[in-house]
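As structure tokens, the structure follows; a few thoughts come after it.
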Amino acid sequence: MKLTLLCLLPAVSAFDWFTNNGWGRPDQVDLSDECIQQEKTGTHYYCATGATTLKKNPFPQVFPYGRNGCANANKQGVACNWGGQAGSIVCCP
Numbered sequence: 001m002k003l004t005l006l007c008l009l010p011a012v013s014a015f016d017w018f019t020n021n022g023w024g025r026p027d028q029v030d031l032s033d034e035c036i037q038q039e040k041t042g043t044h045y046y047c048a049t050g051a052t053t054l055k056k057n058p059f060p061q062v063f064p065y066g067r068n069g070c071a072n073a074n075k076q077g078v079a080c081n082w083g084g085q086a087g088s089i090v091c092c093p
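For what it's worth, the UniProt record's numbering labels the leading residue of the sequence shown as 1, then goes sequentially.
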């Protein structure tokens, strides 16, 4: 039984995005449709990096918070810079 739970643990704890603790909202003109929809139910903005193909955090010291359900916030693809690392501005529920 314990072995089964340990096998499931990595799948449960895998994240798609890793973020800082907050970022400013892009201008309305540049805001993606996904984020406009999320704002109706509450959303937060972050500077983030995507997980590797193995669902690992490439910069754990800079982007320590794992999140799922995020979308690129800026239609223009404007990057953010946090702790010396480039990232993407995302909105997350």
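Each residue gets a CB set at the ideal place from its N, CA and C atoms; glycine is no exception.
When beta bridges are read from the DSSP output, Gln-85 appears opposite Trp-82.
Closest option to Gly-77, judged by alpha-carbon separation, among Val-62, Val-90, Gly-66: Val-90.
The shortest CA-to-CA distance from Gln-38 to any of Arg-25, Lys-56, Gly-50, Thr-19 is the one to Arg-25. Between Asn-74 and Cys-47 the beta-carbon gap is near 11 angstroms, outside 8 angstroms, which marks them as no contact. With a cutoff of 7 angstroms on beta-carbon distance, Cys-80 and Gly-69 are scored as not near each other. Rounded to the nearest angstrom, the gap between the Cα atoms of Val-29 and Thr-41 is 20 angstroms.
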